[in-house]
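Working notes for the structure below.
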Amino acid sequence: MTNGLVRAVGRWRLVLEARTLVGHEAAVRRLEVLRVALLPLGWRCVGLYDRREFRFPVPLLWVYAPSNTACSRTGSGSD
């Protein structure tokens with residue numbers, strides 16, 4: 493059973509990678525929509541979309557949590 497699951501996940505991963513490589517512009521548009529939605533909520537985003545500049549085969553969006561998260565409000569963590 494586990495072997496079949498691994499094969500199925502592997503197939504879907506290949507399909508998703510192929511769709512992203514072929515549809516680079518569509519993936520960038522979707523990431524930009526996500527970035528625009530997160531900015532008003534206080535999240536910081538860094539888009540790495542240019543293949544030549546960043547040398548990644550797929551577009552990346554790095555998302556950083558806002559500084560006023562629940563951990564910092566409750567005082568837990570390193571004080």
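Going letter by letter, the sequence shown gives residues 493 to 571 in the numbering used here.
Yeah, the Cβ is synthetic: ideal placement off N, Cα and C, and Gly gets one too.
To the nearest angstrom, how far is it from the Cα of S559 to the Cα of G496?
Per the coordinates, the alpha-carbon of S559 lies some 43 Å from the alpha-carbon of G496.
Going by other Cβ atoms of all chains shown within 10 Å of its Cβ, with 16 needed for buried, is P532 buried or exposed?
P532 is exposed by the Cβ-count criterion.
Is it buried or exposed for P482, if we count other Cβ within 10 angstroms and need 16 for buried?
Residue 482 lies beyond the residue range present for the chain, which begins at 493 and ends at 571; the question has no answer from this structure.
Would the beta-carbon of C537 fall within 8 Å of that of V555?
Yes, Cβ-Cβ distance for C537 and V555 is below 8 Å.
Can you tell me where the alpha helix (DSSP H) holding R547 begins and where it ends?
Unbroken run through R547: none, as it is neither H nor E.
Taking C-beta to C-beta, are P551 and L523 nearer than 8 Å?
Closer than 8 Å, so yes.
At the level of alpha carbons, what is the spacing between L526 and G502?
Cα to Cα, the separation comes out at about 26 Å.
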